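A short write-up of the structure that comes next.
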Amino acid sequence: MLELDELYLAGISRPRLQHINLKLTSNQLIGVIGANGAGKSSLLRGIAAVEPQLKGHIRFKHQDWLRLSHRQRQKYLGYLPQTEAPEWDIRIDELVNLSAQVTHSQLMKHLEKYALLTLKERRVSQVSGGERQRALLARATLSEPQLLVCDEPVTGLDVAHQLTIMQQLHNHARTHGLVLAAIHDLALAARFCDSLLLMHNGELVQSGKPFEVLTEKNLAHCFGVQAEWFCKDNGVGWIPTPLQAVKD
């Protein structure tokens with residue numbers, strides 16, 4: 001469904017992306033993980049076609065993705081950037097329905113899905129950062145995009161809403177197509193994602209199932225930690241320890 005061929009993005013001191021090659025199939029939630037500065041946002045911005053200096057090729061549903069017009073891509077794409085401040089102080093329901101223009105009943109159902117019904121008449125300036133984040137994600141998913149790209153969709157949310165949003169992203173992938181999301185919480189990534197892409201210094205170190213990617217070697221190399229994992233019936237967790245602390 002999505003093919004990346006030799007993606008490269010120059011940087012100041014080193015490349016932001018280095019020769020990324022990847023094939024991803026539909027109906028998956030793909031977690032993009034890595035330390036700060038690893039290239040997660042650059043990769044997602046490249047896939048969302050908002051990095052004009054990106055080199056390489058992207059094919060989506062057998063189409064030359066980067067050669068499509070913005071309007072053509074919008075038929076398939078939902079994009080939530082890492083930081084987005086709405087330009088207008090409009091109502092939450094207006095923000096969510098800004099681009100898709102669905103019916104009133106469809107909009108109300110979607111607002112309920114993201115726990116925004118009680119906030120729908122408030123203006124952007126009147127809600128918290130986490131509430132605004134939920135509204136922006138609701139806007140990105142309103143048109144039921146076949147390719148959903150989210151840069152840190154649960155950052156700033158409380159624990160309950162993190163779990164809810166991750167489950168909704170998982171459900172969206174199953175129903176509508178492919179979801180790629182940058183995630184800092186490795187326990188959330190391991191619990192909800194079908195596959196993980198591990199980035200480090202602009203390179204794709206490994207892709208695969210969470211248990212294949214979150215190895216002791218990869219955690220030490222890419223995050224500088226040693227981790228103790230534990231599993232329960234309703235999910236997984238981990239206790240990280242900095243490698244320096246382990247040595248001491």
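Heads up, the sequence shown is in the UniProt record's numbering, so the first residue is 1 and it goes up one at a time.
No residue lacks a Cβ here, since even glycine has one placed at the ideal position from N, Cα and C.
On a predicted model such as this, the values are computed, not experimentally measured, just so you know.
Judged by DSSP in its simplified three-state form, residue 21 adopts strand. For residue 6, there is no enclosing alpha helix (DSSP H); the enclosing beta strand (DSSP E) covers residues 2-9. With a 10 Å radius around the Cβ and a threshold of 16 neighbouring Cβ atoms, residue 172 comes out buried. When beta bridges are read from the DSSP output, residue 241 appears opposite 226. In this structure, the straight-line span from the alpha carbon of residue 39 to that of residue 206 is close to 13 Å.
Looking at the DSSP output, residue 150 bridges to 80 and 181.
Among the bridge pairs identified by DSSP, residue 195 is matched with 30. Under the three-state reduction of DSSP, residue 89 is assigned to coil, being neither helix nor strand. For residue 160 against residue 150, the beta-carbon gap comes to about 18 Å, at or over 8 Å, which does not count as contact. Measuring C-alpha to C-alpha distances from residue 48 to each of 167, 225 and 76 identifies 76 as the nearest. Membership of residue 73 in the alpha helix (DSSP H) is indicated by the continuous run 70-74. Contact between residue 29 and residue 181 holds: CB atoms are separated by about 7 Å, below the 8 Å threshold.
Boundaries around residue 205 are those of the beta strand (DSSP E), 203-208, since no alpha helix (DSSP H) includes it.
When DSSP states are grouped into helix, strand and coil, residue 161 belongs to the helix group. When secondary structure is reduced to three states using DSSP, residue 40 falls in the helix class.
A straight line joining the alpha-carbon of residue 199 with that of residue 36 spans about 10 Å.
Separation of residue 221 and residue 10 (C-alpha to C-alpha, rounded to the nearest whole angstrom) is 23 Å.
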